[in-house]
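Last residue of the sequence shown: number 119 in the numbering used here, and the count goes up by one each step with no gaps. Note that beta-carbon positions come from the ideal geometry of N, C-alpha and C, so glycine has one too. Accompanying notes for the structure given below.
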Amino acid sequence: MKIQIHTRNSELAEDFREIVEEKLNSMERFGVVIDRVEVEVLHETNPRQGKHSHRVVLTSHGTGPLLRAEGAEFNNLAAFDAAIKVFALQIRKIHEKSKDHNRETLRNKEVI
8 MKIQIHTRNS ELAEDFREIV EEKLNSMERF GVVIDRVEVE VLHETNPRQG KHSHRVVLTS
68 HGTGPLLRAE GAEFNNLAAF DAAIKVFALQ IRKIHEKSKD HNRETLRNKE VI
């Protein structure tokens with residue numbers, strides 16, 4: 008999975024890229040096909056935005072489903088954590104839908 012990070016009006020911390028790669032690579036355990044994830048880091052300069060001035064938007068691209076998650080908090084890392092929770096929930100939901108639950112009725116089963 009390729010990870011692209013874009014920033015607007017913001018500077019990234021030194022370890023932000025490593026944390027993003029680690030958490031997004033852990034999403035591969037669900038087996039959902041995602042080719043590329045765009046991470047967009049925004050900083051709202053409006054002082055009224057206060058506690059939610061940092062925003063992170065995650066967008067997936069690929070042959071699988073299109074997923075988009077947003078998080079807005081007081082710093083970039085907290086906003087990313089909020090966005091990754093939503094992103095993980097969406098991936099888990101798609102993974103659960105693709106499972107074969109072997110639903111059979113008792114009427115159709117043979118008695119042994």
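**Item:** First and last residue of the uninterrupted alpha helix (DSSP H) at glutamate 29
**Value:** 23-32
**Asked** When we look at the beta-carbon of alanine 20 and count the other beta-carbons within 10 Å, is it buried (16 or more) or exposed?
**Response** exposed
**Proximity of alanine 76 and alanine 90 at Cβ, strictly below 8 angstroms** = yes
**Continuous alpha helix (DSSP H) stretch holding arginine 62: start and end** = Looking at the DSSP string, arginine 62 is not in any alpha helix (DSSP H); the run it does join, the beta strand (DSSP E), is 61-68.
**Item:** Distance CB(arginine 62)-CB(glutamine 11) smaller than 8 angstroms
**Value:** no
**Message:** Does valine 3 come out as helix, strand or coil in the three-state DSSP assignment?
**Reply:** In the structure as shown, the chain begins at 8 and stops at 119. Residue 3 is therefore absent and cannot be evaluated.
**Message:** Measuring only the C-alpha atoms, how far is valine 40 from threonine 70?
**Reply:** 6 angstroms
**Proximity to methionine 34 [Cα-Cα], best of Gly78, Arg114, Val93 and Leu49** = Val93
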